[in-house]
Amino acid sequence: MNKKRIIAARQSGRIALIEASIPEVKAGSVRVRVHNSLVSPGSEVGGWRNLHSQRPSDRSEAHPFGYANAGIVEEVGDGVSRFQAGDRIACMGGSYALHSNYAVVPHNLCVALPDNVTFAQGAYGHLAATAVHVYRRGQSGFGEFAAVVGLGVLGQLCAMVHQIAGSLIIGWDTIPFRTETARGWGIDAVAIPNQEDEVALTRNFTNQQGLDTAVIAFGGDANLAVQQLQKCFKSSPDGHLMGRLMVPGGAYFDFPRTITNMDICRVGRTGFGYHDEEWEFGTDYPSVAMRWTTQTNLKLCMRLISEGKFNVDAITTHTIPLEDVESRMAEVIQEPDKMLGIVFEMSDW
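Everything in the sequence shown is counted per our numbering, starting at 15 for the first residue and increasing by one.
Quick look at the structure:
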């Protein structure tokens with residue numbers, strides 16, 4: 015086998031199935047026969063629907079995409095001692111963990127799958143680790159009040175992490191399907207801003223104390239969300255807003271003067287190490303100096319999935335076999351309000 019099948023996207027948003035050579039396994043990497051990969055509607059499918067309708071036929075070059083998959087190790091490169099052929103692993107990383115039936119991935123961007131974790135569940139590793147990193151950067155405390163605005167895949171996972179860690183969490187989203195999904199896995203409370211008074215609901219949820227933390231988990235213009243969140247945060251006796259606002263994605267907003275003693279934090283990646291090639295392909299950081307890296311966050315996520323605390327099955331809305339991906343994705347993107355986690359299944363197993 016010297017060719018792999020890759021799911022790729024054209025400029026119009028149309029999905030195509032293409033072939034390419036399987037990269038050689040170089041030092042510090044592993045070759046994986048992929049079983050499942052995860053699509054995030056927010057970062058990968060966003061905007062495709064409009065493009066698709068504007069350009070129903072498209073012969074433009076198709077570009078591979080994806081950053082999260084899981085499968086079985088077929089070969090390991092020089093210097094890799096953590097894995098051997100036959101191991102079940104979860105993988106992550108842009109340009110590495112593509113939507114394809116074979117992938118070559120740096121070994122430090124891979125972790126072993128617990129026996130009771132499926133490949134489809136393991137494919138959530140990248141976004142789950144991002145949610146964990148958001149929580150760590152936000153320094154939320156046990157029993158604190160938190161809001162997640164935007165209940166896409168990342169938002170759902172951020173809400174789960176906060177709840178696992180003991181925060182009391184309310185989720186906001188204008189799409190009822192997403193709030194109902196969150197209710198299904200047991201979020202503490204939800205609000206639908208275009209149908210309900212999210213400020214009143216949130217103030218009541220916090221017993222009028224106000225939010226300690228909020229996460230803006232969607233991309234694009236977030237000015238209205240920030241304006242509404244300001245009314246929900248806790249404030250000091252002299253009227254200064256306090257708390258932490260976490261922004262893990264492509265959201266943007268004007269910096270309001272009324273945000274005074276609040277901490278605003280951009281959050282990127284999945285933890286330390288990601289995009290450091292010397293770390294990805296080489297030696298891990300000493301745990302005594304760097305306890306939470308991308309790899310240790312991934313390991314924690316696999317454990318939480320294994321123990322049933324991270325309910326990723328609850329947010330999986332579509333499972334699409336490789337041979338059906340072109341036709342099925344053309345259908346799926348026509349109803350963006352009904353999709354969350356989309357899992358591709360490599361069918362040549």
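Beta carbons: idealized from backbone N, C-alpha and C, even for Gly.
Keep in mind it's a predicted model, so treat the numbers as computed, not measured.
field: Distance CB(residue 107)-CB(residue 49) smaller than 7 Å
entry: no
- prompt: Roughly how many angstroms separate the alpha carbons of residue 179 and residue 159, rounded to a whole number?
  reply: 12 Å
message: On a Cα-Cα basis, can you pick out the residue from 245, 318, 332, 31 that is closest to residue 145?
response: 318
Residue environment, residue 22, which counts as buried when at least 16 other CB atoms sit within 10 Å: buried
field: Enclosing beta strand (DSSP E) for residue 51 [first to last residue]
entry: 43-53
- prompt: Taking C-beta to C-beta, are residue 169 and residue 162 nearer than 7 Å?
  reply: yes
query: Hey, quick one: how far does the beta strand (DSSP E) through residue 83 stretch, first residue to last?
result: 82-90
field: Distance, residue 325 Cα to residue 81 Cα
entry: 20 Å
message: If distances are taken between C-alpha atoms only, which option among 164, 212, 214 comes closest to residue 191?
response: 164
- request: Report the three-state DSSP secondary structure of residue 237 (helix, strand or coil).
  value: helix
task: Kindly indicate which three-state DSSP category residue 356 falls into: helix, strand or coil?
output: strand
query: Quick one: Cα of residue 279 to Cα of residue 214, how far?
result: 25 Å
task: Starting from residue 295, trace the alpha helix (DSSP H) both ways and give me its first and last residue.
output: 291-295
message: Could you check whether residue 171 and residue 123 sit closer than 7 Å to each other, using their CB atoms as the reference points?
response: no
query: Name the DSSP beta bridge partners of residue 227, please?
result: 160, 258
field: Nearest neighbour of residue 18, chosen from 38, 29, 193 [CA to CA]
entry: 38
query: Can you give the Cα-Cα distance for residue 196 and residue 229, rounded to whole angstroms?
result: 15 Å
message: Measuring only the C-alpha atoms, how far is residue 208 from residue 96?
response: 50 Å
field: Cβ of residue 255 within 7 Å of any chain C Cβ
entry: Within the model displayed, chain C is absent; a lone protein chain is all it includes.
message: Need the endpoints of the beta strand (DSSP E) that residue 313 sits in, please.
response: Per DSSP, residue 313 belongs to no beta strand (DSSP E); it is in the alpha helix (DSSP H), 308-320.
- prompt: Using DSSP with H/G/I as helix, E/B as strand and the rest coil, what is residue 143?
  reply: helix
For residue 204, the residue or residues it bridges with in DSSP: 185
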